[in-house]
Every structure is written in C-alpha cells, then in structure tokens.
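K.L.:
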Amino acid sequence: MLEQHIKVMSLLQKAGDITGRKKLQKMIYIGKKLGMPFYEKYDFRRYGPYSEELSLRLEELHQFGFISEVREEKAGYHQYRYELAPMGEHFLAGKAERATFAEQETIITEMNACSSKFLELISTVLFLEPARKEEVIRKVHTLKKTQNYSGEDIDRAYSYIERWKQQAK
Amino acid sequence: MERLALTPMSKGNAMLQEEKVFKDPVHRYIHVRDQLIWDLIGTKEFQRLRRVRQLGTTFLTFHGAEHTRFNHSLGVYEVTRRMIEVFKGHPHWNEDDRLLCLTAALLHDIGHGPFSHSFEKVFETDHEHWTRAIILGDTGVNAVLRRMGDEFPREVADVIEKIHPNKLVVSMISSQIDADRMDYLQRDAFYTGVSYGHFDMERILRVMRPLEDQVVIKNTGMHAVEDYIMSRYQMYWQVYFHPVTRSAEVILNKILRRAKALYLDGYAFKQTPVHFIPFFDGNPTIADYLKLDEMIVFYYFHTWEEETDAILADLCRRFLHRRLFQYVEFTQHFIMNEWSGLKERFKAIGVDPDYYLVVDFSSDLPYDFYRPGEEEERMPIHLLMNDRNLHELSRESEIVEAISGKKRTDHKLYYPQDILHTPGQEDTKREILEILSN
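Chain order of the listed sequences is A and B.
Under this note's numbering, think of the first position of the first sequence as 27, with each following residue one higher.
Under this note's numbering, think of the first position of the second sequence as 178, with each following residue one higher.
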C-alpha cells in the first residue's frame, strides 16, 4: 500500500525541503532517468517533462497530512515549499523495507541545490535523449526559446548528467 | 475495390479522386480525401486498434462502452480536419502543416495496447514509447509515412510527443481544449449512454482561432467552452472514476501481476503464455507488442481460469464473470490505525492481502479535469478578447472558476466481500467486516 507515495516521501525526507512544484517535478523525473525507482508517467509540457500523476500524488499526500505544502508569496509570484510533515515522518518510521535513497543522497542534494530553470534544462535534455547532442541542442533552442539557454548552460547540463549517471551506477 | 485516379498534391500524397466516408455515430461522417490518410488507416498496426477498447474495463460498468481506439482515432482525425477547415486563411495557419496535423491526429494513440493503463503499470512500459516505436520502426505505418519524406515520420512522432517546434500544431492535438478531448468526451458519453459529456462542438470549432503557439477561443464562445469544461468535470467523476470500473481495473492489474510473479517463480502454466513471455521477461519487441490485443488477453484469462494456482484462477473468474471487489472509502485514519490489523486478519483467514486488499488512488488514473495551470506547466485555455488581449478562461467565467480549484482526489479500498461471508473463521471475518464498515 502507498508504495509509490512512500518513495516520494522518502525523497522529500532525504532532500529536507524542496521549494517549487517545478523543481520537485524535475527532481523526480531526473531521479527516474537515473534509475531511482519512480514510476510516475511523464509527458512533455511547457517547462519540460511533467507528471500529472505526481501532481495528484502530492495532493493526496498533502490531504493525508504526510507532507506539508506551504504557499510562499514572492515579489510578483508565488511558489510552494514541500517538506515531510511529522505525521509523514511517523508513517515512514514504520516502513522498514522502503527505499531510503541513502546511496543517492549526494545526487538528491545537488539536484535540490540547482535552480528550477537549470533542472528544467537537464530534464529536457534527458527527455530528448537518445537523440544526438547536436539534435538535442537544436531542439532545446527551439522548444525553450524563451528560457535563453546558452551553449555553456547546455554543456553544463550534459556534464551534470554524466556525473550523476556515474554516481548512480 | 474501385480503381482510383490520383491527383498529385504533394510529394508522397495525392488526393483521392473520390472522397471516402466512414459513418460515425458521433460526428455523422468522417471524411478522407488524402491517399496518405487512407493508406495509414489500412495498415495492420492501425487496424489492430479495432481490437483495443477505448475505455478499458468500463464496459463492465456501462455495457455500451465497447468502442475502440480505432473509432476514437478516426474521430480525432475528423475533429482536426474540421478545425483546419476553420483555420484556413487565418494569418497564423500554414496550410503546409495540414497533413502533418491530420497524420498526428490519426496516429496519436497507435501505441495503445490492450487495457493499456494496467498493462503499462505492471510491465513498466508506456504507450508513448510504443507510439514512437511504431511510427519510426519497421512497420507498415512507417512505410506509408516515409513516402512523404525521410523526416516525416519523425515529425509526426514529435508532434504526438509534444516536442515539435510548431506549438500550434501540437496544441491542436494535445492541450486543454484539443481534438483528442473533444472526441473522447463526446464518444465516451455516447457509448456509455450517460447524459453528461455532451457539448456544442460545432460552436467551439467556429470560435477557435489559431495564434502563433496555441489555439485560442473568441470571447463570444465562452459559454460553449464552459459547457465543454463542465462535461469534462462530470465525465471525470461519473464515468472515468466510477468505483465499479476501478474495481475491475484493480482485479485486472492483480491478474497481470500474479501471472508475472508465477512465471518468474518458474510456475508451470498448463498452457505456455507465449504472448506474455516477452513482457514477463521485460524485453518485448514491436512485433511482440503488436501481437497482443484484447482478444488474446481474454483468451489467456479463460485458460488461466483453469489454472491450479488458486489466486490466478479466482481473479480471472472474477474478471470474466464480473464478480468484482467491494469498496469502502480510504482515509488517513485507516492508514494509521487499521491497515496493519486488517492485513493480519486477511492473512489469518488465508486470503493474501497483496492480491485481495487493494487501495486505489486518483493518481492511479489517466484522466484529469480543467485547471488553469500549475506554475504554468499546462497552457490554460485563453479567450481572445475584443481588444485582442488574451484572458485565462477562469478569470472570465465564474462557472469555470468554481470548479477549477476543486478537490480531484478520491481513494478507495477494494476487497472481496463474498469471501467474508463464507463459512469458517467467522469471528475473524466479522472483525474484518466491522473494521471495513467503520
């Protein structure tokens, strides 16, 4: 029961807190592509890979009181901050055999330290793989015109992906 | 078959001398004028969609819901064709995109398999992957598409995958008000026989306008769109989320899981499930995938009904003869206080909770209803105002605003009630029933 929900909670526990729905969406997508046991279905949306299933799962976890979702007002916009709630901690404590992501802690911490915009780029590159790099670059520039990613940004995204893939092995 | 004189139109396509029409209960007629579209419909991969139901297990709740992905795919093609008729001559519409659009509409579901929702969960695959594989692989569909040029199959796949640079074309097939939804809402309403789900599509088509990267609606058409949004909302709760359908889906999912687990444990099936083995092993090819349809799946369910494994045989019997699970609402209280005790009691009466005590969540279902956006991940429906500005729909419509922020989740616990009323271990069974009734 709640196997997929537990994985999302475990990732949140490992990350501490995650600010922004977009960031959380992209972190789980990238984790999935790196072989973490997430099975949410993703498709390509305005800001790259997005999972309706994950969005609903977060809503369910919030309703159960297992995670907290705090709306934070910023200058001209708002964003949501997620963390594991005490009830969620208590629930996870009873799940001895769950994935704890202990081995992926560095990757999760590094992902969480990246900006949402950069995670959007990394997840888009991963979505477009296995196309050749030149093809991916061309597509990033057309699909993500408004984000103005530079060649340097894309190279940096590739180097993060490569490093995380090595770490995930 | 009549001989057709072909009129050249563009490389790889020609107009049929005589238009072909399919009678359709939703759109009355589906018109085909392009040789390319006609040939795609004739491929074995497309014809296979006749053997894949559009609504999976819903036919066990609404007996009319026997319509297939074939009907729906033709319907999406027809809605797109009508949309293009409206767009002709508008500044942002390029008539050169017509065939790309029609082809993507026709093929958008080509990768769906039998009962694809459960199937994909159990075998960790997805129909989007197979759609791309069928369009780009060594298939009849690919051979027809390549007549338009080597890059054409990839362009079609990119539109369906929403990574094509032409966002207007993508949004016609896949957005919050697209040809796919406009067909399936009406078609599902028609075949299930429900009175909701209907809306004035002709009116919506008349007020749709192409912009640079999206389709927008003239503000005078807002009420027709409100009706569409309400239809979507009602169909979501009344048809797609119907608890009986979900019960059937739960059992179907458990059948596939049990068969896979048995195979991996080396169980000797009375009849080797050859069609499933590549999926059990996790290495299916396109050919394996295309061989599997609902007729094949039902055949195996019939054979598995006779298996010596009691769980597999029982689950198949339940599915085939509609002996479905009962359900109760599943709450946080249940998770924290009752779950482990309930599981233990199921084990005590000899019923495996992994197969007979199942929680089903909204997030397990592939449908949603309109929401204005989630940090703008999904493009909202925009109204084109008289001053040419765009306003998000729920800003203008009180009806849409009222339902946009509504709770969209629902959790149920499914279990076989009949087992709890059989003789033996009555005390434990009574305790289980008490927990469930609370």
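We treat Cβ as the ideally placed atom computed from N, Cα and C, and that holds for glycine.
Give a yes or no on whether the minimum CB-CB distance between B/GLU515 and chain A is below 7 Å.
P.N.:
No - not a single Cβ of chain A is within 7 Å of the one on B/GLU515.
K.L.:
Between the stretch 381–393 of chain B and the stretch 423–440 of chain B, do at least 3 Cβ pairs fall closer than 8 Å?
P.N.:
No, the stretch 381–393 of chain B does not touch the stretch 423–440 of chain B.
K.L.:
Just checking: is the beta-carbon of B/MET349 within a distance shorter than 7 Å of some beta-carbon in chain A?
P.N.:
Closer than 7 Å: no.
K.L.:
Can you tell me where the alpha helix (DSSP H) holding B/GLU196 begins and where it ends?
P.N.:
Unbroken run through B/GLU196 is the beta strand (DSSP E), 190–201; no alpha helix (DSSP H).
K.L.:
Please list the partners that B/HIS588 has in chain A, where partner means a Cβ-to-Cβ separation under 8 Å.
P.N.:
Those within 8 Å of B/HIS588 in chain A are GLU86.
K.L.:
Which residues in chain B have a C-beta closer than 7 Å to the C-beta of A/LEU23? List them in chain order.
P.N.:
Given that chain A is displayed from residue 27 to residue 195, the structure contains no residue 23 of chain A and the question cannot be resolved.
K.L.:
Got a sec: is the Cβ-Cβ distance from B/VAL536 to anything in chain A below 7 Å?
P.N.:
Cβ-Cβ to chain A under 7 Å: yes for B/VAL536.
K.L.:
Might you give, ordered along the chain, the residues of its own chain that have their beta carbon closer than 6 Å to the beta carbon of B/ASP211, omitting 5 neighbours on each side?
P.N.:
So the qualifying residues of the chain are ASN190.
K.L.:
With the cut-off set at 7 Å, would you say B/LEU279 and B/THR257 are in Cβ contact?
P.N.:
Yes. Within cutoff.
K.L.:
Under 8 Å, with one C-beta from each stretch per pair, do the stretch 234–251 of chain B and the stretch 322–335 of chain B reach the 3-pair mark?
P.N.:
No contact exists between the stretch 234–251 of chain B and the stretch 322–335 of chain B.
K.L.:
Return the chain-ordered list of same chain residues with a C-beta closer than 6 Å to the C-beta of A/LYS58, the five sequence neighbours on each side being excluded.
P.N.:
So the qualifying residues of the chain are PHE64.
K.L.:
Along chain B, in chain order, which residues have C-beta atoms closer than 8 Å to that of A/ASP69?
P.N.:
In chain order: GLU305, GLU338 and LYS339.
K.L.:
In terms of residues, what are the limits of the beta strand (DSSP E) holding B/THR369?
P.N.:
Not the beta strand (DSSP E): B/THR369 falls in the alpha helix (DSSP H), residues 356–369.
K.L.:
Given a threshold of 16 other Cβ atoms within 10 Å of its Cβ, counted over all protein chains shown, does B/GLU255 qualify as buried or as exposed?
P.N.:
Under this definition B/GLU255 is a buried residue.
K.L.:
Assuming B/ILE354 and B/ILE558 are in contact, meaning their beta carbons sit under 8 Å apart, how far apart are those beta carbons, in whole angstroms?
P.N.:
Their Cβ separation, rounded to whole angstroms, is 5 Å, which keeps B/ILE354 and B/ILE558 in contact under 8 Å.
K.L.:
Any beta carbon of chain A sitting closer than 7 Å to that of B/MET562?
P.N.:
Chain A, which has no Cβ nearer than 7 Å to the Cβ of B/MET562, makes this no.
K.L.:
Cβ atoms of A/GLU86 and B/THR586: under 7 Å apart, would you say?
P.N.:
Their beta carbons are under 7 Å apart, which means B/THR586 touches A/GLU86 by this criterion.
K.L.:
Between which two residues does the beta strand (DSSP E) carrying B/GLU569 extend?
P.N.:
From DSSP, the beta strand (DSSP E) with B/GLU569 extends over 567–569.
K.L.:
Cβ of B/PRO342 less than 7 Å from any chain A Cβ?
P.N.:
Closer than 7 Å: yes.
K.L.:
Out of curiosity, what's the CA-to-CA distance linking A/LEU84 and B/ILE432?
P.N.:
Roughly 28 Å separates the two Cα atoms.
K.L.:
State buried or exposed for B/LEU441, treating a residue as buried only when at least 16 other CB atoms are found within 10 Å of its CB.
P.N.:
Result: exposed.
K.L.:
With 16 other CB atoms within 10 Å as the buried threshold, where does A/SER141 fall?
P.N.:
Exposed, by the Cβ-count rule.
K.L.:
Can you check which of these residues, B/ASP360, B/GLU195 and B/TRP307, is closest to B/ARG259 by C-alpha distance?
P.N.:
Closest option to B/ARG259, Cα to Cα, is B/ASP360.
K.L.:
Between the alpha carbons of B/HIS158 and A/ALA194, how many angstroms are there, rounded?
P.N.:
As displayed, chain B neither begins before 178 nor continues past 615, which places residue 158 of chain B out of reach and without an answer.
K.L.:
I want to know whether the stretch 126–133 of chain A touches the stretch 33–48 of chain A - three or more CB-CB distances under 8 Å.
P.N.:
At 8 Å Cβ cutoff, the stretches touch.
K.L.:
Count Cβ pairs between the stretch 463–477 of chain B and the stretch 435–454 of chain B that sit closer than 8 Å; are there 3 or more?
P.N.:
Yes, since at least three Cβ pairs between the stretch 463–477 of chain B and the stretch 435–454 of chain B fall closer than 8 Å, the two stretches touch.
K.L.:
Nearest-angstrom Cα distance between B/ALA281 and B/ILE312?
P.N.:
Whole-angstrom Cα-Cα distance: 10 Å.
K.L.:
Write down the C-beta distance between B/LYS164 and B/VAL505 rounded to the nearest angstrom, noting that I regard them as a contact closer than 8 Å.
P.N.:
Outside the shown range of chain B, which is 178 to 615, sits residue 164 of chain B, and nothing can be said about it.
K.L.:
Interface residues of chain B around A/GLY91 at Cβ under 8 Å?
P.N.:
Correct list: GLN509.
K.L.:
Quick check on this structure: which residue in A/ILE44, A/ALA183 and A/VAL166 has the alpha carbon closest to the alpha carbon of A/ALA111?
P.N.:
It is A/ILE44.
K.L.:
Measure from the alpha carbon of A/MET35 to the alpha carbon of each residue in A/GLU160, A/THR132, A/ALA119 and A/TYR186, then state which is nearest.
P.N.:
If we check each option's Cα against that of A/MET35, A/ALA119 comes out closest.
K.L.:
What does the alpha-carbon distance come out to for the pair B/LEU382 and B/VAL393?
P.N.:
Rounded to the nearest angstrom, the two C-alpha atoms are 11 Å apart.
K.L.:
Considering only DSSP beta bridges, list what B/GLY443 is partnered with.
P.N.:
In DSSP, B/GLY443 forms no bridge with anything.
K.L.:
Look at the Cβ atom of A/SER149, then the Cβ atom of A/TYR55, and state whether they are nearer than 7 Å.
P.N.:
Going by C-beta atoms, A/SER149 is nearer than 7 Å to A/TYR55.
K.L.:
Could you spell out the range, first to last residue, of the beta strand (DSSP E) harbouring A/GLN39?
P.N.:
Here A/GLN39 belongs to no beta strand (DSSP E); instead the alpha helix (DSSP H) covers 29–41.
K.L.:
Could you give the C-beta distance for B/ALA401 and B/VAL384, rounded to a whole number, given that I count them as a contact under 8 Å?
P.N.:
That pair is a contact at about 7 Å.
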